[in-house]
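Right, one structure below, let's go through it.
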Amino acid sequence: MLDSPPPLPPQAGRRPSLEGLAGPQQGALPPTQDMVSGIVERGAFIDERLAEFQRILPDLSPQLDDLRTRLRAVLSQAINQQAQGAPPPDNQAAQLMGMLGGGAAT
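So for the sequence shown, numbering that gives the first Met the number 0 puts the first residue at 0; every next one is plus one.
In structure tokens:
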């Protein structure tokens, strides 16, 4: 059975520190950076699971390669939109679910 993605840490009124990323610093990540970090984290988890499927089911490798490429494109688009401060489009979750076979893409 596949592991579920690791839960995001609780955000009880504080943002994660930048310390450790670029040396000791003061301050908090802006909300946009939190969203980008979440997108990257979830995308990496899904990509790892798809890579595992490729090792287990080599006959499906071409289809899984295509799925991983499409996933990266959608995630890249989401990251770029968040970095520019734009809200994600309403259908973005549906696109991801459709790619993973969990629903119809719109």
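We put the beta carbon where it would ideally sit given N, CA and C, even for glycine.
Since the structure is predicted, the reported quantities are computational estimates derived from the model, not experimental observations.
Straight-line Cα distance separating Ser60 from Thr68: 12 angstroms
Length of the line joining the Cα atoms of Arg71 and Arg54: 19 angstroms
Selection from Leu74, Asp64, Phe52 that minimises the alpha carbon distance to Gly37: Leu74
Residues near Asp65 in its chain [Cβ-Cβ closer than 7 angstroms; skip 5 each side]: none
Closest residue to Ile45 among Met34, Leu63, Gln76 (Cα-Cα distance): Leu63
Residue interval of the alpha helix (DSSP H) (run including Pro61): 60 to 82
Gly22, DSSP secondary structure in three states: Residue placement at Gly22 cannot be trusted, given a pLDDT of 39 that sits under 50; what the coordinates show is reported in the next sentence. Coil, per DSSP.
Where Gly42 falls, given that 16 or more other Cβ within 10 Å makes a residue buried: buried
Beta carbon of Met34 nearer than 8 angstroms to that of Gln83: no
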